[in-house]
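Working notes, structure below.
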Amino acid sequence: MTLKATDGAAVEPEADGARATASQRRLVWWAFKKHRLALISAWLLIAMLVVILLTEFIAPFGSRHRDSAYTTAPPQVLKIVDTDGGDGWQWGLHVDGYVSEQDPRSLRITYEADPDDRVDVGFFVKGEEYELFGLIPWDRHLIGPEDPDDPMYLLGTTTDGQDLFSQLVYATRVSASVGIIGVLLAFALGIVLGAISGYFGGWIDNVIQRLIELFMAVPSIPLWLGLAAALPAQMGPVTRYFIITTILALVAWTGLAREVRGRFLAMRGEEFVTSAMLDGSSHRRVMFRHMLPSFSSHIIAALSLSIPSMILAETALSWLGLGLRPPAVSWGVQLQDASKWSVLSNAPWLLIPGLVVVIVVLAFNFVGDGMRDAADPYKH
Amino acid sequence: MSEPLLEISGLRTGFETYDGTVPAVDGVDLTVHAGKTLCVVGESGCGKSVTARSILRLVEAPGRIQGGTVTWRGGDEPFDVLSLDRDDERLQRLRGGDIGMIFQEPAASLLPLRSIGAQLIETIRIHTGMGKKEARARAVELLEQVGIPKAAERVDAYPFQLSGGMCQRAMIAIALCANPSLLIADEPTTALDVTTQARILDLIRNLQAEHHMAVMFITHDLGVVAELADEVAVMYLGKVVERAGVEELFADPKHPYTKQLLGSVPVLGRDRGRDLPTIPGTVPNPLHRPKGCSFHPRCAEAMAGRCDVEEPPEAVFADGRTAQCVLYDDRSEGERA
Amino acid sequence: MVKYLGRRALYMAATLLAISLVVFVIISLPPGDFVTALRAKYSVMGQGLTETDVQALRVRYGLDGNLLQQYWSWITQIILHGDLGMSFEHSKPVADVIGPRLGATLGISLITLLMTWALAFPIGVYSAVKQHSIGDYAVTTIGFLGLAVPNFLIALIFIYFSVTWFGSVPSGLCSPEWCEASWNLGKLLDLLGHLWVPMIVIGTAGVAGLVRIIRNNLLDELRRPYVTAARARGVPERRLLRRYPLRVALNPFVSTIGWVLPLLLVGDIVVGQILSLPTLGPILLGALKAQDMYLAGSIIMVLSVVTVLGTLISDLLLGWLDPRIRLGHQR
Chain A
12 MTLKATDGAA
22 VEPEADGARA
32 TASQRRLVWW
42 AFKKHRLALI
52 SAWLLIAMLV
62 VILLTEFIAP
72 FGSRHRDSAY
82 TTAPPQVLKI
92 VDTDGGDGWQ
102 WGLHVDGYVS
112 EQDPRSLRIT
122 YEADPDDRVD
132 VGFFVKGEEY
142 ELFGLIPWDR
152 HLIGPEDPDD
162 PMYLLGTTTD
172 GQDLFSQLVY
182 ATRVSASVGI
192 IGVLLAFALG
202 IVLGAISGYF
212 GGWIDNVIQR
222 LIELFMAVPS
232 IPLWLGLAAA
242 LPAQMGPVTR
252 YFIITTILAL
262 VAWTGLAREV
272 RGRFLAMRGE
282 EFVTSAMLDG
292 SSHRRVMFRH
302 MLPSFSSHII
312 AALSLSIPSM
322 ILAETALSWL
332 GLGLRPPAVS
342 WGVQLQDASK
352 WSVLSNAPWL
362 LIPGLVVVIV
372 VLAFNFVGDG
382 MRDAADPYKH
Chain B
83 MSEPLLEISG
93 LRTGFETYDG
103 TVPAVDGVDL
113 TVHAGKTLCV
123 VGESGCGKSV
133 TARSILRLVE
143 APGRIQGGTV
153 TWRGGDEPFD
163 VLSLDRDDER
173 LQRLRGGDIG
183 MIFQEPAASL
193 LPLRSIGAQL
203 IETIRIHTGM
213 GKKEARARAV
223 ELLEQVGIPK
233 AAERVDAYPF
243 QLSGGMCQRA
253 MIAIALCANP
263 SLLIADEPTT
273 ALDVTTQARI
283 LDLIRNLQAE
293 HHMAVMFITH
303 DLGVVAELAD
313 EVAVMYLGKV
323 VERAGVEELF
333 ADPKHPYTKQ
343 LLGSVPVLGR
353 DRGRDLPTIP
363 GTVPNPLHRP
373 KGCSFHPRCA
383 EAMAGRCDVE
393 EPPEAVFADG
403 RTAQCVLYDD
413 RSEGERA
Chain C
24 MVKYLGRRAL
34 YMAATLLAIS
44 LVVFVIISLP
54 PGDFVTALRA
64 KYSVMGQGLT
74 ETDVQALRVR
84 YGLDGNLLQQ
94 YWSWITQIIL
104 HGDLGMSFEH
114 SKPVADVIGP
124 RLGATLGISL
134 ITLLMTWALA
144 FPIGVYSAVK
154 QHSIGDYAVT
164 TIGFLGLAVP
174 NFLIALIFIY
184 FSVTWFGSVP
194 SGLCSPEWCE
204 ASWNLGKLLD
214 LLGHLWVPMI
224 VIGTAGVAGL
234 VRIIRNNLLD
244 ELRRPYVTAA
254 RARGVPERRL
264 LRRYPLRVAL
274 NPFVSTIGWV
284 LPLLLVGDIV
294 VGQILSLPTL
304 GPILLGALKA
314 QDMYLAGSII
324 MVLSVVTVLG
334 TLISDLLLGW
344 LDPRIRLGHQ
354 R
């Protein structure tokens with residue numbers, strides 16, 4: 012196979028000293044860096060992680076902040092220079108306040124930017140008090156109005172008069188973590204069963220495999236609809252959050268279990284595993300020191316590719332009113348606000364959470380794809 | 083010497099990768115004579131398969147034929163295959179018509195979803211314009227000819243129902259269906275076990291005699307070369323380093339690479355109880371081709387200051403054999419005179 | 024082939040059993056059983072049930088035994104009498120609620136499935152054959168987006184533009200003047216005019232997913248040795264593509280029925296809700312929200328059975344298309 016040999020050589024230049032001695036992790040990293048989209052997406056996900064960790068600090072307002080004076084107000088533009096004032100240019104971060112107008116017939120109130128009403132905006136401003144990481148009491152916010160009672164709604168407000176941006180920050184924590192925790196749960200289940208299946212083999216493997224096949228044959232979407240709907244209505248938001256996550260994980264674990272088992276089985280025949288066994292390594296050592304690291308990139312790729320469906324499922328479920336419910340905020344709950352067309356047609360900014368869903372889902376997909384391609388540094 | 087049938091000259095085929103173009107075939111000259119067998123031999127990665135594929139323009143992206151000519155002299159008028167239009171009739175006729183080709187993995191080279199008969203009949207009809215019935219009869223006849231027992235039944239078998247050896251026979255039948263004047267065999271026995279391998283070689287030899295066709299046989303197995311070849315071309319890293327008649331080559335290898343290659347083959351009796359000599363090192367990455375003669379880092383007779391600096395010249399000997407090596411630079415001048 | 028068919032049928036039976044168990048669990052999960060809830064509802068309406076009524080109902084639904092007995096009485100009623108239970112919200116037998124809407128749901132799903140295939144197949148093939156072309160990049164990008172945008176979001180975006188441009192949202196499956204009319208060309212055109220909206224919303228994710236599948240499969244197949252071998256024996260390019268890699272890449276395509284169908288059925292819930300279609304979707308959502316569990320469970324059951332049947336059909340098609348499966352080799 013001349014073709015293969017030359018191809019392989021191109022990706023693995025032996026003459027190149029650095030390449031020849033690089034660790035597996037480095038090789039994967041080098042290959043991953045070549046995917047620009049994946050790299051950008053990875054930074055995006057890291058930013059999202061920061062948002063999840065520092066939610067209360069990043070959101071200008073608390074999750075329950077409600078300003079009934081401004082319902083369904085449009086987004087504001089963050090300005091650096093004030094040219095509207097009488098005395099020429101005035102520097103300083105600010106937004107324009109709102110002026111409201113009521114339609115005499117429909118009684119609907121509409122808001123418009125008022126250039127004469129200047130709301131000063133600053134970084135690290137004092138605002139609502141909160142506890143960072145649930146531990147450290149603080150009252151500073153990354154960005155916000157200098158006077159906490161002034162309206163600063165960068166992405167507009169909801170029909171309830173809540174700041175869409177703050178809500179979005181809180182929703183990101185909930186929705187993204189549902190995806191991540193759900194996938195980790197599914198993965199734990201998958202790796203346990205996959206490992207049992209691979210370790211014992213024989214009829215145990217057979218039974219588990221048939222079980223997985225059966226699980227896969229049962230259509231999953233009606234299943235989680237039904238399970239979610241059967242939850243008692245009066246359940247608290249935190250309990251509900253965990254149960255919904257568990258339901259999603261229960262439905263999604265089969266694919267991951269198969270992936271893990273398949274990798275273990277395929278790897279069992281590889282020469283380096285045989286040689287590790289011949290060297291007298293224990294089963295556990297072979298499995299976790301030799302086998303697992305050699306396909307950890309595959310696992311990360313598989314995890315990253317499973318998160319989007321989890322996020323989409325939660326979003327759809329919550330949007331339908333069967334998943335998380337207010338006062339919990341998730342992307343799906345936020346989008347419920349936009350489902351009445353009479354509201355939506357006047358307030359298209361209510362769809363912004365949908366844009367975030369799409370971006371995050373794409374980012375996970377790109378990172379997963381990039382990882383998958385990078386996971387085989389020796390093969391192509 | 084008989085008429086030249088196929089002349090490859092200055093062929094260069096490269097693979098485009100992120101790290102640059104990898105020259106898999108780097109200026110190869112070869113001639114196949116009518117009715118004769120040319121064996122192309124070399125380690126894996128030396129470009130012999132790519133050379134074979136380049137003849138019928140079967141190199142696929144990211145590979146690309148970058149230069150040279152492949153002149154076909156089997157027809158009324160010689161023409162350069164490489165300069166033909168993509169859908170030139172002559173290219174279509176050459177593929178499977180004048181030139182038959184068989185591959186390394188017979189089972190993978192047949193579509194699993196269609197019976198071998200269907201694939202054979204299809205090729206027959208493309209090249210002969212026969213009707214369905216006639217083509218089927220011909221297919222059975224061909225399968226019998228290549229030694230498939232119960233051919234009338236097997237014609238409807240699917241590739242996965244046949245052994246590797248049987249699949250290769252079916253492939254040979256397909257390659258022979260239009261009475262080609264050249265059979266290109268790209269390591270056809272590598273994936274088969276030893277007994278099957280011997281039978282397939284016998285079959286090819288018999289068919290060659292029957293049909294008076296030329297064979298270009300790609301292999302890394304010197305035993306096969308000794309058994310089949312009239313002429314041999316030794317390739318190393320995309321270049322033909324030595325060209326000779328089979329007897330001359332085995333009796334008196336000129337190029338150090340050929341010498342070392344022959345030295346690494348066990349000889350019954352002689353080699354009992356002693357370590358077999360191997361060629362030190364591995365084939366270098368074509369992207370980082372050593373300067374000068376690409377074989378010098380592994381060569382036992384390399385001369386510092388010469389082999390690692392300049393490309394070796396091609397030495398031509400009296401009987402027409404050649405070697406790309408500085409060792410014969412002066413002497414070849416003398417012999418020619 | 025017989026062995027293969029037998030195995031598939033056995034799997035189907037096991038799957039149906041599993042589905043029925045899950046559905047039963049869903050039905051019995053909410054606290055309080057059906058008769059208690061019904062009794063409460065009737066007493067609110069001031070028409071209390073007599074003890075004998077209650078007793079009869081409890082016996083009818085087998086509510087007094089343990090869970091296993093309850094399951095048994097529930098499943099035997101379904102199998103022997105086609106009795107799916109009572110809808111507590113509609114105060115009608117479940118079958119009467121589902122029946123009239125099942126046709127519309129299956130119709131829309133089937134038409135969308137066919138359209139999905141008709142679109143996805145050529146696009147996927149084009150994208151694979153012209154890999155790295157601008158068209159391929161466009162297709163891949165749109166495909167990524169199609170999979171990343173939840174279908175209800177597509178519906179919302181659609182509504183937004185529809186309202187801003189036309190001032191209204193097309194709803195239902197027919198315009199008022201045609202709804203009562205008997206079938207003719209006008210009604211058909213009207214139906215098609217209404218159908219394309221739900222089709223886009225329901226089908227986008229399916230098309231995107233299928234395009235990706237067929238593209239990846241075809242790319243894999245195009246690199247196989249048999250393609251080179253066929254080219255080497257002079258099979259013309261178009262015929263080569265059609266009869267060789269496309270044939271093989273068709274297989275996984277067929278086996279996607281199993282996951283496309285539920286996708287379409289759930290799309291129906293979203294679209295049905297927004298565009299008020301006479302399909303099962305809105306009914307299911309209403310039932311789930313009101314915890315009208317017999318109705319919800321039955322709809323889930325029906326949808327699952329349809330999916331399982333779809334999977335069986337695709338298995339049969341696969342056996343017919345692929346001799347390796349038919350003759351019991353591999354897989």
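Chains as they are written, first to last, in this note's numbering: chain A, 12 to 391; chain B, 83 to 419; chain C, 24 to 354. Just so you know, even glycine gets a beta-carbon here, dropped at the ideal spot from N, CA and C.
Within 7 Å of the CB of Ser191(B), the CB atoms of chain C belong to Pro248, Tyr249, Ala252, in sequence order along the chain.
Secondary structure note for Leu331(A): it is in no beta strand (DSSP E), with a DSSP letter that is neither H nor E.
Between the C-alpha atoms of Arg269(A) and Ala37(C) there is a straight-line separation of about 20 Å. For Leu87(B), the closest of Leu258(B), Cys121(B), Asp180(B) by C-alpha to C-alpha distance is Asp180(B). Gly374(B) is the residue among Gly374(B), Pro395(B), Glu396(B) whose C-alpha sits nearest the C-alpha of Ala386(B). Relative to Phe135(A), the option among Leu104(A), Ile120(A), Arg116(A), Asp125(A) whose CA is nearest is Leu104(A).
In the displayed model, Ile202(A) falls within a helix according to three-state DSSP. Between the C-alpha atoms of His152(A) and Ile297(C) there is a straight-line separation of about 39 Å. Taken through DSSP and simplified to helix, strand or coil, Pro126(A) comes out as strand. Under the three-state reduction of DSSP, Pro301(C) is assigned to coil, being neither helix nor strand.
Within chain C, no C-beta atom comes nearer than 7 Å to that of Val88(A); the closest sits roughly 21 Å away. Following the DSSP letters along the chain, one finds Leu341(C) inside the alpha helix (DSSP H) bounded by residues 316-344. Judged by beta-carbon spacing, Asp268(B) lies within the 9 Å limit of Phe185(B), meaning their Cβ atoms are closer than that value. Rounded to whole angstroms, His294(B) and Cys259(B) show a C-alpha spacing of 14 Å. Within the model, the alpha-carbon separation for Leu361(A) versus Asp380(A) is close to 31 Å.
Where Pro364(A) is concerned, the enclosing alpha helix (DSSP H) starts and stops at 363-385.
At a cut-off of 9 Å between C-beta atoms, Tyr160(C) does not count as an interface residue with respect to chain B. Closest in alpha carbon position to Thr99(B), among Asp334(B), Pro379(B), Met183(B), Ala143(B), is Ala143(B). Across the structure, Arg325(B) and Glu260(C) are spaced so that their CA atoms are roughly 36 Å apart. Here DSSP, grouped into helix, strand and coil, assigns Thr99(B) to strand.
In the same chain as Met288(A), and ignoring 5 residues on each side of it, the C-beta atoms closer than 7 Å to its own belong to Val297, in chain order.
When the beta-carbon positions are compared, Thr277(B) and Gln250(B) stay at least 9 Å from each other. Taking CB atoms only, Ala277(A) has no neighbour in chain C less than 9 Å away. Along the segment 233-250 of chain B, going in chain order, the ones with a CB nearer than 8 Å to a CB of chain C are Tyr240, Phe242, Gln243. In this structure, DSSP gives Tyr240(B) a state outside helix and strand, which the three-state scheme calls coil. In this structure, DSSP gives Glu226(B) a helical state, which the three-state scheme calls helix. Annotation: Leu215(C) to Val104(B) spans about 56 Å, alpha carbon to alpha carbon. Taking the Cα of His370(B) as reference, the smallest distance to any Cα among Gly102(B), Glu85(B), Thr95(B) is reached at Gly102(B).
Any Cβ of chain B closer than 9 Å to the Cβ of Gly257(C) would place that residue at the interface, and such an atom is present. Listed by position along chain B, the residues whose Cβ is nearer than 7 Å to that of Tyr267(C) are Leu193. Looking only at Ile98(C), Leu28(C), Ile146(C), Thr73(C), the smallest Cα-Cα distance to Val48(C) is reached by Ile98(C).
For Ala161(C), the uninterrupted alpha helix (DSSP H) run begins and ends at 157-171, by DSSP. Straight through space, the alpha carbons of Ser188(A) and Val180(A) are spaced by roughly 12 Å. The beta carbons of Ala358(A) and Gly343(A) sit no closer together than 9 Å. Using beta-carbon distances, Asp119(C) does not count as an interface residue toward chain B, since no partner is under 9 Å.
Residues Phe275, Met278, Val284 of the same chain have their beta carbon placed closer than 7 Å to that of Met302(A), with the five preceding and five following residues left out of the count.
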